[in-house]
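Note that the numbering used here has the sequence shown beginning at 1, numbered continuously upward.
Every residue gets a Cβ at the ideal spot worked out from N, C-alpha and C, and that includes glycine.
Following: one structure in structure tokens, then a few remarks.
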Amino acid sequence: MQAARMRFVQYLRRGDLAKRLGLLSEDQKSLVEFAGLEGVPSDLKTLIAQDPNLEELAKKAEKQPRLEVNDDVTLLPPITDPGKIICIGLNYQDHCDEQNKPAPKEPMFFSKFNNALVGPQDNVIAHAASSKIDWEVELVCVIGKVARQVPKSQAMDHVFGYSVAQDISARDWQKERNGGQFLIGKSMDTFLPLGPAVVHKSLVPDVYNLNLKTWVNGVEKQNGNTGNLIFKLDDVINRLSQTITLLPGDIIVTGTPKGVGMHRTPPEFLQPGDVVQSEIVGLGKLCNKIVAP
1 MQAARMRFVQ
11 YLRRGDLAKR
21 LGLLSEDQKS
31 LVEFAGLEGV
41 PSDLKTLIAQ
51 DPNLEELAKK
61 AEKQPRLEVN
71 DDVTLLPPIT
81 DPGKIICIGL
91 NYQDHCDEQN
101 KPAPKEPMFF
111 SKFNNALVGP
121 QDNVIAHAAS
131 SKIDWEVELV
141 CVIGKVARQV
151 PKSQAMDHVF
161 GYSVAQDISA
171 RDWQKERNGG
181 QFLIGKSMDT
191 FLPLGPAVVH
201 KSLVPDVYNL
211 NLKTWVNGVE
221 KQNGNTGNLI
231 FKLDDVINRL
241 SQTITLLPGD
251 IIVTGTPKGV
261 GMHRTPPEFL
271 QPGDVVQSEI
281 VGLGKLCNKI
291 VAP
């Protein structure tokens, strides 16, 4: 197992009271447990902050037991307590086009709270406060080391890896209520399925050539490519780090391609019983059921 194959995952085994850290297989059917490895923490954020030698960690992992991912294993968000969740709106050209809006001249930054985080197979609550709940598959960038006033040329050195998010959005709260601020519409409980793993950047040869898709009840709704990102990651990290110090384990949710429910004809919104699948090829797949409160 090489460092380049590292797909970090957090999980619980049946009866666990504390999360565990391991490596997920590419097919998401098994994982290697880190439990018992000296000096290896039980959560990914702490591991990233330690700036581990991944080659040495990979060698240790080769001797660890492999566990089948089944009903006795619950996959958690690969990072459960990021210091910051920073999101970018209108960051795909085709998403701007479907709204008949010009591409922004500067990134549109907003945030979500940690309470929105759920795992890759967890349920999403259709909160009664909203009647316009929508989907948005997104690439997530995980920060690997402290970034403060980082030049664009060095920005990617501060990236640890990538993951998949489904940025669930209450469009009525985002667009019509709360004075036009995004926070409540984006931060309702369970509104950020994340995972299944954080894939180390060495496994992603070209982060700007990743296909990303959403299906609702098996019907394809979004089909895009990260090559259409308007503001690339080096630009985003450079801009943010001029005024906000980025820390290990912080996550940047980078925007969504066209095909969201709000801009379909007629508009479509999620209802209890719907199943949303989100995939970025090479990074993994989420499957989340929408449930009543």
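_I need the straight-line Cα distance from L240 to I86, nearest angstrom please._
By one-based count along the sequence shown, residue 240 stands at place 240. By one-based count along the sequence shown, residue 86 stands at place 86. Taking the straight line joining both Cα atoms gives about 9 Å.
*Helix, strand or coil for K29 per DSSP?*
The residue given as residue 29 occupies position 29 in the sequence shown. DSSP, reduced to helix, strand and coil, places K29 outside both helices and strands of the structure shown, so it counts as coil.
*asked:* Counting C-beta neighbours from all protein chains within 10 Å, is the total for Q271 16 or more, i.e. buried, or is it exposed?
replied: Residue mapping note: residue 271 aligns to position 271 of the sequence shown, counting from 1. With fewer than 16 other Cβ atoms within 10 Å, it is exposed.
*Enumerate, from N- to C-terminal direction, the unbroken beta strand (DSSP E) stretches of 3 or more residues contained entirely within the segment 143 to 169.*
Unbroken beta strand (DSSP E) stretches of 3 residues or longer found wholly inside the segment 143 to 169: 159 to 166, given in chain order.
*Relative to the alpha-carbon of D235, which residue among L203, N223, T254 has its alpha-carbon at the smallest distance?*
The count along the sequence shown starts at 1 and reaches residue 235 at position 235. Shortest Cα-Cα distance from D235 to any of L203, N223, T254 involves T254.
_Where N178 sits in the DSSP three-state scheme_ = In the sequence shown, counting from the first residue as 1, residue 178 sits at position 178. In this structure, N178 counts as helix in the three-state DSSP scheme.
_Burial state of V204, where buried means 16 or more other Cβ atoms lie within 10 Å_ = As a position in the sequence shown, residue 204 is number 204, starting the count at 1. Counting every other CB atom within 10 Å of its CB across the protein chains shown gives V204 a total of 16 or more, marking it as buried.
*For E332, is the classification buried or exposed, using 16 other Cβ atoms within 10 angstroms of its Cβ as the cut-off for buried?*
Residue numbering for the chain in the displayed model covers 1 to 293; residue 332 lies beyond these limits and cannot be assessed.
*Please report how far the alpha carbon of E56 lies from the alpha carbon of T190, in whole angstroms.*
Looking up residue 56 in the sequence shown gives position 56. Looking up residue 190 in the sequence shown gives position 190. Rounded to whole angstroms, E56 to T190 spans 36 Å at the Cα level.
*So A61 is in the alpha helix (DSSP H); what residue range does that whole segment cover?*
To locate residue 61, count along the sequence shown from 1; it is residue 61. Segment 54 to 61, the alpha helix (DSSP H) holding A61.
*Beta-carbon proximity of A197 to F8, cut-off 8 Å*: Your numbering for residue 197 matches position 197 in the sequence shown. Your numbering for residue 8 matches position 8 in the sequence shown. In contact: A197 and F8 (Cβ atoms closer than 8 Å).
_Please state the DSSP three-state secondary structure of D315._
The structure shown does not extend to residue 315, since the chain spans only 1 to 293, so no value can be given for it.
*Between the segment 212 to 232 and the segment 66 to 80, do three or more beta carbon pairs fall short of 8 Å?*
No, the segment 212 to 232 is not in contact with the segment 66 to 80.
_Measuring alpha carbon to alpha carbon, tell me which residue in D167, I251, C96 is nearest P143._
One-based indexing of the sequence shown puts residue 143 at position 143. For the record, residue 143 in the displayed sequence is Ile; it is not Pro. If we check each option's Cα against that of I143, I251 comes out closest.
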